[in-house]
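Reviewing the structure listed below.
There are 4 protein chains.
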Amino acid sequence: MRNVAVIGCGYWGPNLVRVFSTLDGCTVRALCDLDPERAASLQRRYPATRTCTDARAVFDDPEIDAVAICTPVHSHYPLARAALETGKHVLLEKPLAHSAAAAEKLVRLAEDRHLTLQVDHTFIYSGAVRKIREIVDGGEIGDILYVDSVRVNLGLFQSDVNVLWDLAPHDVSIITHLVAAEPRWVTAVGSAHYGRVENQAYVTIRFDGSLIAHLHVNWLAPVKIRSTLIGGSKRMIVYDDLEPSEKIRVYEKGVTMHNDPASRARVLVDYRTGDMFAPYIDKTEPLERSCRAFLDAIETGVPSVTDGRAGLAVVRILEAAQESMRADGKRVALAPGS
Amino acid sequence: MRNVAVIGCGYWGPNLVRVFSTLDGCTVRALCDLDPERAASLQRRYPATRTCTDARAVFDDPEIDAVAICTPVHSHYPLARAALETGKHVLLEKPLAHSAAAAEKLVRLAEDRHLTLQVDHTFIYSGAVRKIREIVDGGEIGDILYVDSVRVNLGLFQSDVNVLWDLAPHDVSIITHLVAAEPRWVTAVGSAHYGRVENQAYVTIRFDGSLIAHLHVNWLAPVKIRSTLIGGSKRMIVYDDLEPSEKIRVYEKGVTMHNDPASRARVLVDYRTGDMFAPYIDKTEPLERSCRAFLDAIETGVPSVTDGRAGLAVVRILEAAQESMRADGKRVALAPGS
Amino acid sequence: MRNVAVIGCGYWGPNLVRVFSTLDGCTVRALCDLDPERAASLQRRYPATRTCTDARAVFDDPEIDAVAICTPVHSHYPLARAALETGKHVLLEKPLAHSAAAAEKLVRLAEDRHLTLQVDHTFIYSGAVRKIREIVDGGEIGDILYVDSVRVNLGLFQSDVNVLWDLAPHDVSIITHLVAAEPRWVTAVGSAHYGRVENQAYVTIRFDGSLIAHLHVNWLAPVKIRSTLIGGSKRMIVYDDLEPSEKIRVYEKGVTMHNDPASRARVLVDYRTGDMFAPYIDKTEPLERSCRAFLDAIETGVPSVTDGRAGLAVVRILEAAQESMRADGKRVALAPGS
Amino acid sequence: MRNVAVIGCGYWGPNLVRVFSTLDGCTVRALCDLDPERAASLQRRYPATRTCTDARAVFDDPEIDAVAICTPVHSHYPLARAALETGKHVLLEKPLAHSAAAAEKLVRLAEDRHLTLQVDHTFIYSGAVRKIREIVDGGEIGDILYVDSVRVNLGLFQSDVNVLWDLAPHDVSIITHLVAAEPRWVTAVGSAHYGRVENQAYVTIRFDGSLIAHLHVNWLAPVKIRSTLIGGSKRMIVYDDLEPSEKIRVYEKGVTMHNDPASRARVLVDYRTGDMFAPYIDKTEPLERSCRAFLDAIETGVPSVTDGRAGLAVVRILEAAQESMRADGKRVALAPGS
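The listed protein sequences correspond, in order, to chains A, B, C and D. Residue numbering for the first sequence follows the working numbering, beginning at 1 and increasing consecutively. Residue numbering for the second sequence follows the working numbering, beginning at 1001 and increasing consecutively. Residue numbering for the third sequence follows the working numbering, beginning at 2001 and increasing consecutively. Residue numbering for the fourth sequence follows the working numbering, beginning at 3001 and increasing consecutively.
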């Protein structure tokens, strides 16, 4: 039985409390928030927990095995470091940290101490993304040629992070989860239409080979779009997260090239078009699977698919995108093997 | 009564023959194509026309007042130049020319000779784009903050031009028609998944101020999308060209900023959300309006909205995008006032 | 301060407990369910309430002012009668009762005792239906010519009521709320594809004049549809309850007739087509408005729009539809003024 | 080589001329229309044809093998009878005739004379309906439990026929093509909102067993809907004719009943939900297949799937629906084996 503390009781924290409360093998012991009223209000629904305003109390409590940190991005690193240093397993809200250097230190620290470090890239645990991964792994779509992701709506303008750090972690985590190739460079452009925080950004990630991944994230769109096109050499996928039931559509469509027998230089294109298939999507709550994976990793010592290294890969791309965006679209290379 | 010749009887030429045949004030006299069978086959439906395989015959015919050129892009410049030099008014299929230098020469030549030079950016004449322009001009959406355009489907892989020169002229012509600001620089990335011709490209155009326009053009997508988001400071527009009737939706949505009275440094954001309005769209065939505009420009000497200068502005952006794409996304500046 | 008891803690009851708990001017005092475990489990979340298994305990408690009854349809009448006889105000889950005779007795009893009797036709309180009513009352759509309602999905096969009594109360309550004319007769056909309980039904309600209302309710459909067309003499409305934001679309479309000047017998038809308008829909939870209306009716003595008489009108139509359905579509008249 | 004449050059006739002109094995010889200008205008595009205003000229011409009749419904019977009596094969625009008696006479006449009689129920030849039939025949959807068809839009108010005879032939022909069971009775209600011709109708067809087919046809709807739900015991189909590519969706959804081991009287319901599958739809023009089928039937003597008997079955249902509609929804029986 693992004792869990949740640090940060604002928007996302209560969801973690709710889910960990229902999972076998763990108990939520402590709720921590700088605002005592916020923790107290949550505590009323979970009378078996106790509250605190200083995370130190959690770290110093030998009874606590693991902490879930749901605080603003800039506090991820100091809180997670302190937690790991006191021997706690750590689950962090996305993104893992505000910089690749900080993320890297957390990864190393967790590895040195043999502790579980996981980032809550919840989409990775959704029925839709798990099904896409299954299709990709099964070879059904062939080679991935491109990924095009759009995540826009009239969203909350954040003051501490721009749209890139707020929305793109979802798409980047999905892309790096699906694509085996190494990212080589990133470009990004963005715009701050109000104030100084970018509310719209376009990010291009160039992988080895001809694979491009591209994102459009936007807090200032009139309609909500959560759509990803995945072009494969054999089939293509449309993933629309707003579809109530048919979130994934697999299209028997594509292009086949062959050499023109009449000319060595020319290539002929054949078009394939066929059936469409929308597989049934498991509806288990992704957050439940994410928390379950965290507990399993603690028990088995085998990292989950959203472990620290996966989280670091996402932060590296976000950081490169941020650098490119600040330089109006300058190409920013990613170190090989990073 | 203007006598018109159509040069190029392949895919688009027959449409021009059909439309000019029905318009008052002009007569289609000649059909020209390198392939005599193609011209002959079209001539059977328009018995009053005559055919030729050499455009010279058209240029040398003093009876011909105007030519419509619907040939591959690389022949636009030599054909249009010859036409202008022999005193013909010229309507060119999009894009105006294969390079900004060529386009510029055509513009200058036409101006020197007081001839009408027009490019057939047909979308500018569609009910939808005309209505958007009317809304923009009326101040209803306030300042344009961004334009995001997606034009993808499983399209024909061309061998002479890439997807940028094939599809992007539509979006770039719409954007430059709607946006009054000057474009400052362009970045683009693309990928050639089969052969050496890019079949997918992303283009960012940065205008003066914080306005970004962004395009996704793609010949290798499982679904057809023709969608443009226009973010304005007062309202926002979604233009979906595939919608049978409600192509334009105007959203009473947006963000209002004001200074936080409690803090000089902070800005407060208010969200507005309200009605949606889909104005009735005139269904006149855009090509008919385009041809009509060409004839009117000839009569009045007043250039149409898709005159040579408008066509040149489009080519400049395409050329810069091409240069950027070849250099993996390098930022390419546009000369001011160009 | 009104003290409320909720009888029936199954599917819908907990929602009423939740809402009444948040409303000013009332307190939830008692939770009653035949299954003591069900009441107890709900009580844990609302520690200030007490539980019982016999509704008698609620009726005999002089402290209780009002009861909300969320039990199977056949128990509505005996429970509501007992509640009214002991001086309680009554809110019933839809439909009001299992027969028009029973519904009529409840209405009379409530009126004799000057007690509030209300049926929880929640849709009437939704932002969408309130907006439609506002449009209808404002004369914007002219005369209502027809209402066509489709409410289908793969729904739970009930064993105590058929699809008519399960789903049609929603549509019939909306229709009678919007249409001022008197219903004259009803026809219905249905089918029980599994067992003996009809899982699909079509109902036609003919009103005075040429107005038809028609319903399709179905538990055995592959897709979920919640759509209502309202044809008006001036404008037409599409109400799609599954649309996340644009639930109502008002179309500037229709037909205008005028006499043919050339022939006294002939009528000429003109078609109008124009803008479409999707008004902003208030998102307040309908159930909150429903409960608020119940409390207001108790305070003021002025019945709400879903009072006993409104509930009776719905039951009369359901009963007639049931009779018609059992007789394979026989026309069943509704008594005038009923 | 069969010589074909087309009688009626209004809305549909030119399509038949176009298609027969391109088919091998036949030649369009004559175009007949009461309005000489209409035939002449069409003749200009088909110079090898000759025109006439009196159908007698066609019937008396021994060179003509077959006639296609595209005239108002009430003239179908006299024209087709005259054609058959002069030994011509006959293809009639839908519906076959204005009454079951007339349709029956035509069927008998054609059979007596060993001539091909076919009705142009074009939808039967569409890729979508052929695919549905294939799925039904393959047993994939199990038993058909219901068919629900909606065909509404702001349509042309006809003066000679009501919406039932104008639109319902499409749906009734599809239903009788797919359903093997015998229709037993029909009910219909309709409304004439302008003038005396019904512009909206609901039709219920009850087949042997628990199968209901239901239609909504409407000329006065704000949006265009062409949608059919087919509930099967194993799978369910949604056929949306307005979908550009995925016209048919086959849902792995349904209900399985089994007896409750705990109680002899009770039946337990299990819900199945699974993948969705949108098969590729052949895009050959349905009219081309319809005309081809007519020519094949002439050559082989084997009637097509839309032969006179199929057309008669449709007219019987339309006539019964008309009778029911005039009697405000009275149930009208269909003679067994009819």
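Built from N, CA and C at the ideal position, the CB exists for glycine as well.
Proximity below 8 Å, CB of residue i to CB of residue j
i, j, result
"A/Tyr251", "A/Met276", "yes"
"D/Ala3039", "D/Cys3070", "no"
"C/Val2203", "C/Gly2329", "no"
"C/Met2236", "D/Pro3222", "yes"
"A/Leu268", "A/Ala100", "no"
"D/Ser3233", "D/Asp3137", "no"
"A/Ala5", "A/Cys32", "yes"
"B/Asn1162", "B/Val1197", "yes"
"D/Phe3151", "D/Arg3184", "First, the amino acid is wrong: residue 3151 of chain D is Arg here, not Phe. No, Cβ-Cβ distance for D/Arg3151 and D/Arg3184 is not below 8 Å."
"C/Arg2002", "C/Asp2065", "yes"
Burial state of residue i, where buried means 16 or more other Cβ atoms lie within 10 Å
i, result
"D/Thr3284", "exposed"
"B/His1114", "exposed"
"B/Ala1259", "Residue 1259 of chain B is actually Asn in this sequence, not Ala. The residue is exposed, with fewer than 16 neighbouring Cβ atoms inside 10 Å."
"A/Val332", "buried"
"B/Tyr1077", "buried"
"D/Ala3048", "exposed"
"A/Thr228", "buried"
"A/Met325", "buried"
"D/Leu3156", "exposed"
"C/Gly2254", "buried"
"D/Tyr3271", "exposed"
"C/Glu2299", "exposed"
"C/Asp2208", "exposed"
"D/Ala3378", "Look at the range of chain D in this structure, 3001 to 3338, and you will see that residue 3378 of chain D is not part of it."
"B/Arg1044", "exposed"
"C/Pro2279", "buried"
"D/Pro3336", "exposed"
"C/Pro2062", "exposed"
Contacting residues, own chain, Cβ-Cβ under 6 Å from residue i (five flanking each side not counted)
i, result
"A/Thr86", "Phe59"
"D/Ile3175", "Val3147 and Ala3213"
Residue i versus the options, residue with shortest Cα-Cα distance
i, options, result
"B/Ile1230", "B/Tyr1146, B/Ile1205 and B/Leu1167", "B/Tyr1146"
"A/Lys94", "A/Leu117, A/His193 and A/Ala82", "A/Leu117"
"A/Asp53", "A/Pro36, A/Leu42, A/Ala68 and A/Glu63", "Looking at the sequence shown, residue 53 of chain A is not Asp but Thr. Cα-wise, what sits closest to A/Thr53 is A/Pro36."
"C/His2103", "C/Val2073, C/Tyr2125, C/Ile2132 and C/Val2150", "What sits at residue 2103 of chain C in the sequence shown is Ala, not His. Out of C/Val2073, C/Tyr2125, C/Ile2132 and C/Val2150, C/Val2073 has the C-alpha closest to the C-alpha of C/Ala2103."
"A/Glu241", "A/Leu268, A/Tyr271, A/Ser149 and A/Leu318", "According to the sequence displayed, residue 241 of chain A carries Asp and not Glu. When each option's Cα is compared against that of A/Asp241, the closest is A/Ser149."
"C/Leu2211", "D/Val3152, D/Leu3220 and D/Ala3213", "D/Leu3220"
"B/Ser1021", "B/Gly1139, B/Tyr1046 and B/Thr1051", "B/Tyr1046"
"B/Leu1034", "B/Ala1055, B/Leu1016 and B/Arg1018", "B/Ala1055"
"B/Glu1111", "B/Leu1079, B/Val1302, B/Pro1014 and B/Ala1321", "B/Val1302"
"B/Leu1334", "B/Glu1182, B/Arg1130 and B/Arg1133", "B/Glu1182"
"D/Gln3200", "D/Arg3029, D/His3098 and D/Ala3321", "D/Ala3321"
For residue j and residue i, believed in contact at Cβ under 8 Å, the rounded distance
i, j, result
"D/Phe3123", "D/Ser3173", "7 Å"
"B/Leu1084", "B/Asp1120", "Not quite, the Cβ-Cβ distance comes to about 16 Å (not below 8 Å), so this is no contact."
"D/Gly3308", "D/Leu3106", "6 Å"
"A/Lys247", "A/Ile281", "5 Å"
"B/Thr1273", "A/Leu109", "45 Å between Cβ atoms; not a contact."
heavy atom of the ligand MN below 7 Å from residue i C-beta
i, result
"D/Leu3042", "The model on display carries no ligand, and the ligand MN is accordingly not part of it."
Cutoff 7 Å; reference residue i; Cβ partners in own chain excluding five residues on either side
i, result
"D/Trp3012", "Cys3070 and Glu3093"
"C/Trp2165", "Val2073, Pro2095 and Leu2318"
Same chain, Cβ closer than 8 Å to residue i, five either side skipped, listed in chain order
i, result
"A/Leu23", "Glu288, Cys291, Arg292 and Leu295"
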